[in-house]
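S.K.: Numbering (our numbering), first residue to last: 7 to 574. C-beta atoms are modelled at their ideal positions from N, C-alpha and C, and glycine is treated no differently. Handing you a structure now.
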């Protein structure tokens with residue numbers, strides 16, 4: 007067995023590479039798609055897929071069958087999938103490196119190898135400089151410029167990704183400007199931002215217009231645009247808002263549903279949708295659904311009509327990731343996902359009593375403005391010692407009299423210290439309506455054991471940002487499966503935190519927790535009135551986790567929340 011247990015990313019990378027090499031050799035598309043689907047499932051998984059495979063439980067994951075589980079065991083035993091090792095012997099290493107060049111997919115790399123005989127990056131460079139690549143049917147001079155640029159930059163550049171919160175703010179501003187133009191009929195975001203992925207590469211927009219050319223022209227001339235990367239009669243790519251890339255596509259109104267569905271993706275969702283359509287004699291593109299036998303093309307104004315025509319119930323964008331959503335939509339078994347209007351309160355809010363930037367009353371009035379019935383004020387425990395807790399409780403009581411029927415729940419976010427103790431004593435915690443515990447320091451010092459110990463405390467109602475991750479920065483070092491099991495055992499809630507750089511729990515972890523029966527809370531962790539809206543980011547991840555309102559604690563009235571506490 008390898009010196010260390012391969013991570014999920016290690017395993018996923020091998021399946022991705024195996025799929026690439028099979029495609030290089032012109033292999034079966036079913037196997038290629040199966041390996042890519044497995045790679046995505048493994049990468050998004052919260053527990054070790056190697057450990058699951060060794061226990062015979064990897065087959066419980068969507069997209070993982072016995073054959074793939076066997077290959078995971080090969081990685082565990084020998085470090086590499088045997089079929090991958092065999093193909094790497096047959097295919098020159100230089101050809102494999104072609105796959106790492108941006109814009110060069112397996113099919114193009116295969117043509118460089120098999121049709122031009124190129125097997126090293128240097129040979130590829132010379133062929134591009136001598137204008138040999140354009141001799142391949144279907145390729146032009148642009149491929150040579152692209153290859154030379156990629157070779158100069160080096161293989162496998164890092165893809166820049168932007169936090170969902172930042173991308174959404176910019177997208178909403180641009181969509182509002184587009185919708186205000188007289189030529190615009192319908193506008194929408196698409197791509198990964200519409201599916202609410204936690205980070206996005208660029209921002210896809212789709213629209214219908216009375217005059218597509220005029221809409222494109224006005225889009226490229228908006229005052230926030232710093233660069234026009236490309237523009238035509240029906241599409242444009244621009245750069246603005248701090249370097250964000252925006253791609254706009256415009257289509258006739260009768261095909262708006264086709265375009266929106268296609269460019270929302272995901273790639274895997276669309277592949278599976280097309281494969282199913284082909285089996286029924288249909289061909290799907292962004293322009294319509296063609297009946298192959300007759301050539302008749304069906305176009306749809308809405309996605310709902312498109313999915314209905316294909317035999318599915320409507321699939322929310324957040325679920326379109328190529329798991330088992332199509333199968334469930336075919337049988338009408340998709341869950342009704344939680345919606346913003348289902349939330350009755352926010353259970354993680356800070357004020358100037360700790361590190362917030364607004365008073366409790368200001369935060370409460372902002373919560374009332376969002377339509378909430380309650381809010382838990384959860385200032386940090388170390389700021390509520392030496393009599394300050396008494397003073398805050400008095401303020402909360404007075405505010406509850408003035409703001410009734412709105413309810414402020416007295417609470418805290420208590421730090422779990424390095425030795426496992428909490429920063430407020432139990433007798434103080436017992437006085438509060440709502441207690442969160444969280445790891446804020448010494449992240450490398452037994453975080454799993456510290457959180458498990460906090461869950462055993464009868465005064466602790468929930469764990470805030472359970473993995474303590476920061477997207478693109480600090481990585482989680484907790485055993486999420488153990489946390490979930492303990493949460494179920496003790497009745498402790500696990501938080502989906504809406505801070506843009508946290509989104510913790512992430513979607514796959516929250517789905518694991520909910521399916522195990524753990525309580526989930528969706529919170530903003532707001533420190534100013536405006537940041538209460540961060541709960542919408544947590545909600546988006548909850549929808550990606552397939553959560554329903556019944557699985558979320560703060561969809562209930564505050565009296566029910568209090569009655570469900572462990573200490574009651």
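1) Could you tell me which residues DSSP puts in a beta bridge with residue 503?
2) Using three-state DSSP, classify residue 383 as helix, strand or coil.
3) When DSSP labels each residue in this structure, what does residue 418 get in the three-state scheme?
4) Have a look at residue 163 and residue 234 and give me their C-alpha separation to the nearest angstrom.
5) Could you pull the start and end residues of the alpha helix (DSSP H) that residue 88 belongs to?
6) How big is the Cα-Cα spacing for residue 452 and residue 438?
7) Per the contact definition of three or more C-beta pairs closer than 8 Å, is the stretch 516-527 in contact with the stretch 285-298?
8) Applying the criterion that 16 or more other CB atoms from any shown protein chain within 10 Å of the CB defines a buried residue, is residue 178 buried or exposed?
9) Ordered along the chain, which non-local residues of its own chain (more than five positions away) have a Cβ less than 7 Å from that of residue 450?
10) In chain order, what residues of the same chain lie with their CB nearer than 6 Å to the CB of residue 198, ignoring the 5 residues before and after it?
11) Using a Cβ-Cβ cut-off of 7 Å (strictly less than) and excluding sequence neighbours within five positions of residue 373, which residues of its own chain qualify?
12) Starting from residue 394, follow the alpha helix (DSSP H) in both directions and report where the run begins and ends.
13) Give the straight-line distance between the Cα atoms of residue 475 and residue 467, rounded to the nearest whole angstrom.
14) Between the alpha carbons of residue 446 and residue 186, how many angstroms are there, rounded?
15) Does residue 88 pass the burial test, meaning 16 or more other C-beta atoms within 10 Å, or should it be called exposed?
16) DSSP three-state call for residue 60: helix, strand or coil?
17) Output yes or no for whether 9 Å exceeds the beta carbon distance between residue 1 and residue 390.
18) DSSP has residue 180 in a bridge; who is on the other side?
19) How is the beta strand (DSSP E) around residue 231 delimited, first residue to last?
20) As a quick exercise: from 16, 83, 288, pick the residue whose alpha carbon is nearest that of residue 301.
21) To the nearest angstrom, report how far apart residue 120 and residue 508 are at their CA atoms.
22) Where do the ends of the alpha helix (DSSP H) carrying residue 462 lie?
23) Taking just the CA atoms, how far does residue 363 sit from residue 161?
24) Given this structure, state the Cα-to-Cα distance separating residue 184 from residue 192, to the nearest angstrom.
25) By alpha-carbon positions, which one of 330, 334, 337, 269 ends up nearest to residue 309?
26) Between 58, 74, 66, which has its C-alpha nearest residue 22's C-alpha?
27) Could you tell me which residues DSSP pairs with residue 36 in its beta bridges?
28) In this structure, does DSSP put residue 252 in helix, strand or coil?
M.R.: The relevant details are as follows:
1) 510, 529
2) strand
3) strand
4) Only weak support exists for where residue 163 lies, its pLDDT of 41 falling under 50; the value from the coordinates is given anyway. Straight-line Cα distance between these residues: approximately 23 Å.
5) 88-96
6) 27 Å
7) no
8) exposed
9) 483
10) 206
11) 352, 381, 538
12) 394-409
13) 21 Å
14) 45 Å
15) exposed
16) helix
17) This structure cannot settle anything about residue 1, because the visible part of the chain is limited to 7 through 574.
18) According to DSSP, which records beta bridges pairwise, residue 180 is partnered with nothing at all.
19) 231-237
20) 288
21) 46 Å
22) Where residue 462 is concerned, there is no enclosing alpha helix (DSSP H), given that its DSSP letter is neither H nor E.
23) For residue 161, the predicted structure reports a pLDDT of 46, less than 50, and the residue's modelled location is therefore unreliable. The matter cannot be settled from this model.
24) 9 Å
25) 269
26) 74
27) In DSSP, residue 36 forms no bridge with anything.
28) strand
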